[in-house]
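K.L.:
Numbering (my numbering), first residue to last: 602 to 771. Dumping the structure here so I can ask a few things about it.
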């Protein structure tokens, strides 16, 4: 089994003289590495303010090492050529409409953009899906007509409305 002790490590980039520091994770873990075009420290603080079980481990204007809801992340300012896309998003699984509303409103604050089917883009460009667990249950219902009605209802929503989904499914 791989050694899971944390080791501090740093590397110098010869191309631009910038130093990237990180605390390594156990060799079997996967840590999302987010390349922002700017405002990495600000983004990390924003996300930590929204999610429980979250904290900044280390942050500077160029990079941040942080935990969101128990999941470790590393972020770096890469420059204007780095943009997030729908190709990678973070799905937040929730139980209640109150939770849907909380995450939806918090992540849209100060300049985020709504998209369809429970998707949104926050003010830093990161894509999120605020997904009630009941949505996945309804659209995968063994009764295909209920599943289809729930799917059609979802396709017409921006923020997911649990009551409307249940009503549509019947």
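We treat Cβ as the ideally placed atom computed from N, Cα and C, and that holds for glycine.
Which residues does DSSP pair with residue 675 in a beta bridge?
P.N.:
Its beta-bridge partners are 634 and 666.
K.L.:
If you drop the 5 nearest sequence neighbours on each side, which residues of the same chain put their C-beta closer than 6 Å to that of residue 679?
P.N.:
For residue 679, where only same-chain residues beyond five positions count, the Cβ hits under 6 Å are 636.
K.L.:
Between which two residues does the beta strand (DSSP E) harbouring residue 720 extend?
P.N.:
Its beta strand (DSSP E) spans residues 720-722.
K.L.:
In terms of residue numbering, what span does the alpha helix (DSSP H) encompassing residue 755 cover?
P.N.:
Counting along the chain, the alpha helix (DSSP H) containing residue 755 begins and ends at 745-756.
K.L.:
Identify whether residue 705 lies in helix, strand or coil by the three-state DSSP scheme.
P.N.:
Of the three classes helix, strand and coil, the one that applies to residue 705 here is helix, per DSSP.
K.L.:
Quick check: the Cα distance between residue 715 and residue 747, rounded to an integer number of angstroms?
P.N.:
Approximately 26 Å between the Cα atoms of the pair.
K.L.:
What's the gap between the Cα of residue 641 and the Cα of residue 659?
P.N.:
Near 12 Å, if we compare the C-alpha coordinates of residue 659 and residue 641.
K.L.:
Spatial neighbours of residue 730 within its chain, please: C-beta separation below 6 Å, excluding the five flanking residues on both sides.
P.N.:
For residue 730, where only same-chain residues beyond five positions count, the Cβ hits under 6 Å are 690, 692, 719 and 720.
K.L.:
Can you give me the C-alpha to C-alpha distance between residue 705 and residue 762, rounded to a whole angstrom?
P.N.:
When rounded, the distance between both Cα atoms is 11 Å.
K.L.:
Name the residue from 667, 643 and 737 whose alpha carbon lies nearest to the alpha carbon of residue 632.
P.N.:
Nearest of 667, 643 and 737 to residue 632, Cα basis: 667.
K.L.:
Between residue 638 and the rest of its own chain, which residues show a CB-CB distance below 8 Å, the 5 nearest in sequence each way excluded?
P.N.:
Cβ neighbours of residue 638 beyond the five flanking positions: 678, 679, 680, 681, 682, 683, 684 and 726.
K.L.:
With respect to the beta strand (DSSP E) encompassing residue 690, which residues constitute its N-terminal and C-terminal limits?
P.N.:
Segment 690-695, the beta strand (DSSP E) holding residue 690.
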